[in-house]
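Take the position in the sequence shown, starting the count at 1, then add 9; the result is the number in our numbering.
Even for Gly, the Cβ is constructed at its ideal location relative to N, Cα and C.
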Amino acid sequence: MMNLAEYRHSSARLADFLPWAALVDEGIILNKDGSFQRTAKFRGPDLDSAVPAELVAVAGRLNNAVRRLGSGWAVFVEAQRHFAGAYPPSTFPDVASALVDAERRAQFEEAGTHYESSYFLTFLFLPSEEGSAKAERLLYEGRDRSVGADAREVLRGFIDQTNRVLQLVEGFMPECAWLDDQDTLTYLHSTISTKRHRVRVPEIPMYIDALLADQPLTGGLEPMLGSANLRVLTIVGFPGATTPGILDDLNRLPFSYRWSTRAIMLDKTDATKLLTKIRRQWFAKRKSIGAILKEVMTNEPSTLLDTDAHNKVLDADAALQELGSDQIGQAFVTATITVWDRDPNAADEKLRLVEKVIQGRDFTCMIETVNAVEAWLGGLPGHVYANVRQ
């Protein structure tokens, strides 16, 4: 990208903080750090009619499809709640069906404002460094060892891997398809703007960040996007046991929001190192310094232990066992919900309703203040550096 140090020395606009750079293939974005990303729109089973066993099976198959991705990959799942608009026009072959639809239309128009949810799945891949690519080529015969990673080869590998994962997802999702160039730009624009409209693909699809950013971002404890007041909530704790669709009540809230979940994937080697480090840290906290000195002086083991630290050690051991048996995968997960309104009091009320739903399901959440801008940036598809939580 262009070096702006000659003109200004600091990031001053929203476009400077966005990760997107250019469209390099159908629906595929090249980011500023050299990573690729592409987005699919999907819709899962109906939670009102599906039985719990079906939802558990879908969750298990989705977990198996995603956990095959290792280090360098990130997965973004986003639910957008937005205004439904007008009743869709339709034609019917007989009068009886037309009368039924006319009654349905009248009920729709009398009920007032309607909202619907859209769901998006984004995959991001950051290729390995140049030195790692050259070292990998030394292991194969017949390859040119003088050059590093080929960008086109990396792009083909990214397309092939994401197609395989989406084929697995299509087996249990009623609707699932990749977004084309225009739909991709429209979706990315909807994440950084309160205006909802389609975005035309430029003749030269470069500088996507400046093209899509049409509203200024004002920082602070209560940031603003254009004239809308942003409120961000981050989920920081999870209950001991969950069921699929446990937060389905969010789909019944009568206002717009963005619910973004980001998972920065780890392969088995990196996950083992991380869990071993966590286990070692909690194991060292089981006994205080005074208890350790008493053991040394009296040559007797201390009977008083920090039970919370001991339970954390057992939890890390269980995670290592499940990881070793390939039952689970590890990732850095960050879940944020963003609401907005021109009236700051109305925005606070919307955030209170979201917080009520989440805390009512035994989740622990935090309203962002000092970290609000970074938390909002961390919820954008393709941004893997802001608001990383363990």
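In the three-state scheme derived from DSSP, where H, G and I count as helix and E and B as strand, methionine 215 is classed as strand. Contact between the region 329 to 345 and the region 214 to 221 is absent: fewer than three C-beta pairs spanning the two stretches fall below 8 Å. Between valine 348 and arginine 240 the beta-carbon gap is near 5 Å, inside 8 Å, which marks them as a contact. Put simply, the region 369 to 377 touches the region 244 to 253. At least three CB pairs are less than 8 Å apart. Linking threonine 285 to alanine 325 through their CA atoms gives a straight-line distance of about 8 Å.
Annotated three-state conformation of tyrosine 124 is strand, per DSSP.
Going by DSSP, methionine 306 is part of the alpha helix (DSSP H) stretching over 298 to 307. Beta-bridge partners of glycine 246 (DSSP): Thr373. Tryptophan 349 is bridged by DSSP to Leu239. Between the region 85 to 99 and the region 255 to 267 there are three or more C-beta pairs closer than 8 Å, enough to call the two in contact. Between the beta-carbon of glutamate 35 and that of aspartate 189 there is about 6 Å, and that keeps the pair under the 8 Å contact cut. Three or more beta-carbon pairs separated by less than 8 Å are not found between the region 99 to 114 and the region 279 to 296, which leaves the two stretches without contact. Annotation for arginine 398: Thr243, Val245, Phe341, Val342 and Thr343 place their beta carbon closer than 8 Å to its own, counting only its chain and skipping 5 residues before and after.
Secondary structure of threonine 131 (DSSP, three-state): strand. Just measuring C-alpha positions, the residue of Arg52, Thr131, Gly94 and Ile37 sitting nearest arginine 271 is Thr131.
Assigned with DSSP and collapsed to three states, glutamine 339 falls in strand. Here DSSP, grouped into helix, strand and coil, assigns phenylalanine 26 to helix.
A distance below 8 Å separates the beta carbons of valine 67 and proline 253.
Short of 7 Å from the beta carbon of proline 310, and not among the five residues preceding or following it, lie these beta carbons of its own chain, in chain order: Glu304. Cβ contact annotation for leucine 314 (same chain, cutoff 7 Å, sequence separation greater than five): Arg295 and Lys296, in chain order. Inclusion of leucine 133 and tryptophan 187 in the CB contact set at 8 Å is not warranted, their separation being larger than that value. Comparing C-alpha distances from arginine 52 to each of Cys185, Ile168 and Val65 shows the shortest one belongs to Cys185. In the three-state reduction of the DSSP assignment, arginine 361 falls in the helix class, which pools H, G and I. Between the alpha carbons of asparagine 380 and alanine 395 lies a gap of roughly 10 Å.
Threonine 278 and leucine 56 have their C-alpha atoms spaced approximately 36 Å apart. Beta-bridge pairing by DSSP links tryptophan 82 to Phe134. Between serine 44 and leucine 135 a beta carbon distance of about 4 Å is seen, short of the 8 Å cut, so the two are scored as contacting.
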